[in-house]
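Below: one structure, written as structure tokens.
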Amino acid sequence: MKPEIILSRTTFKDAREYIKKNVREYHEVEPGYKIFDVHIIGVPPLYVGVEGEDLIFPYTKPCHGTFVVKVAGGEEIARLRAGKK
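1 is the number of the first residue of the sequence shown in the working numbering; add one for each residue after it.
Next comes the structure, spelled out in structure tokens:
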């Protein structure tokens, strides 16, 4: 997973608002939702966006802060749309 960083060192709230305002299709997920091998952490509600074949989501790296990243979605998009954990 090689992410494109859209926002860096942001807050959970700003990440959520960015996805809500800038991504047409987004899904609310619970903290701990797993995308590939990464668990999303943060303050609910957490949104994961789908833009074409890409996923856009908040990623928190300890000691570095929260980022909004874009990665190729692959099969994760179908799993997200199906509402599976």
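Glycine residues also receive a C-beta, built at the ideal position from the N, C-alpha and C atoms.
Requested in this report: With DSSP as the reference, label Arg16 as helix, strand or coil.
Outcome: Mapped onto the sequence shown, residue 16 falls at position 16. Helix.
Query raised in the report: With a Cβ-Cβ cutoff of 9 angstroms, do Tyr59 and Ile77 count as a contact?
Result: Sequence index remark: in the sequence shown, residue 59 carries index 59 (1-based). Sequence index remark: in the sequence shown, residue 77 carries index 77 (1-based). Taking 9 angstroms as the Cβ cut-off, Tyr59 and Ile77 do not qualify as a contacting pair.
Report task. Tell whether a beta-carbon distance below 9 angstroms holds between Pro31 and Leu55. Result -> Mapped onto the sequence shown, residue 31 falls at position 31. Mapped onto the sequence shown, residue 55 falls at position 55. Against a cut-off of 9 angstroms, the Cβ pair of Leu55 and Pro31 comes out as no contact.
Query - Distance CB(Gly52)-CB(Asn22) smaller than 9 angstroms - result: Along the sequence shown, read from residue 1 onward, the residue named residue 52 stands at position 52. Along the sequence shown, read from residue 1 onward, the residue named residue 22 stands at position 22. Cβ atoms of Gly52 and Asn22: not closer than 9 angstroms.
Requested in this report: State the start and end residues of the unbroken beta strand (DSSP E) segment that holds Arg9.
Outcome: By 1-based counting over the sequence shown, the position of residue 9 is 9. First-last of the beta strand (DSSP E) with Arg9: 4 to 10.
Query - Per DSSP, cross-strand counterpart(s) of His27 - result: Here residue 27 corresponds to residue number 27 of the sequence shown, with the count starting at 1. According to DSSP, which records beta bridges pairwise, His27 is partnered with Val48.
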